[in-house]
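Novice: Structure below; questions to follow.
Residue numbers (this note's numbering): 1386 to 1563.
Quick look at the structure:
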């Protein structure tokens, strides 16, 4: 299931990068250097924090049986913000809708944070099923200068319903090593 979610997000991010003229593959050599005047942080990582706001698309269904190999209802996060080491960046995430205790809850969240300046620099995060808008997360991989990324921490988020749709705001705190 995790590989399928990674595949779905990888295809989505690749389509977004190609559509915006970016490259879905990491650059090497002088291509990987940050633009003149940008601030590079220490290459080993350290304390990590991120804050994003954006739109949340809610699934029309809820999976009732585990495992259920039919339709898997996904929820979608798409936001912009700032993250340590990535600076200005975008966030794309998906989470299943799974029925637990009679309620449809977000389950198995998976996110990709991508640098706006250097779109080949990205961090992939996998979170536990959130409880009351909070969950622990693990950095599972990265691309570009984050190719050897590891780390963990806490993810918290809120959803707000508006006439135009549902917005979200989230915060990530923890560590990032690369």
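Built from N, CA and C at the ideal position, the CB exists for glycine as well.
Predicted model, so just to flag it, every value in this text is computed and none were measured.
With DSSP as the reference, label residue 1542 as helix, strand or coil.
Specialist: If DSSP states are grouped into helix, strand and coil, residue 1542 belongs with the strands.
Novice: Within the continuous beta strand (DSSP E) that includes residue 1637, where are the two ends?
Specialist: In this structure the chain extends from 1386 to 1563, so residue 1637 is not present and cannot be described.
Novice: Given a cut-off of 7 Å on the beta-carbon distance, is the pair residue 1522 and residue 1507 in contact?
Specialist: Their beta carbons are not under 7 Å apart, which means residue 1522 does not touch residue 1507 by this criterion.
Novice: So residue 1512 is in the beta strand (DSSP E); what residue range does that whole segment cover?
Specialist: Element bounds for residue 1512: 1507–1512.
Novice: Measure how close the beta-carbons of residue 1481 and residue 1493 come, nearest whole angstrom, since I'm counting them as under 8 Å.
Specialist: Indeed they touch by this definition, with Cβ atoms about 5 Å apart.
Novice: Looking at residue 1496: is its Cβ nearer than 7 Å to the Cβ of residue 1510?
Specialist: The answer is yes: Cβ separation under 7 Å.
Novice: On a CA-only basis, which of 1441, 1549, 1528, 1472 is nearest residue 1542? Give me that one, please.
Specialist: Closest by alpha carbon: 1441.
Novice: Determine the direct distance from the alpha carbon of residue 1439 to that of residue 1550, and round the result to whole angstroms.
Specialist: Approximately 11 Å, taken between the alpha carbons.
Novice: Thinking just about the alpha-carbon of each residue, which of 1537, 1429, 1435, 1558 is nearest to the one in residue 1471?
Specialist: Considering only alpha carbons, the answer is 1435.
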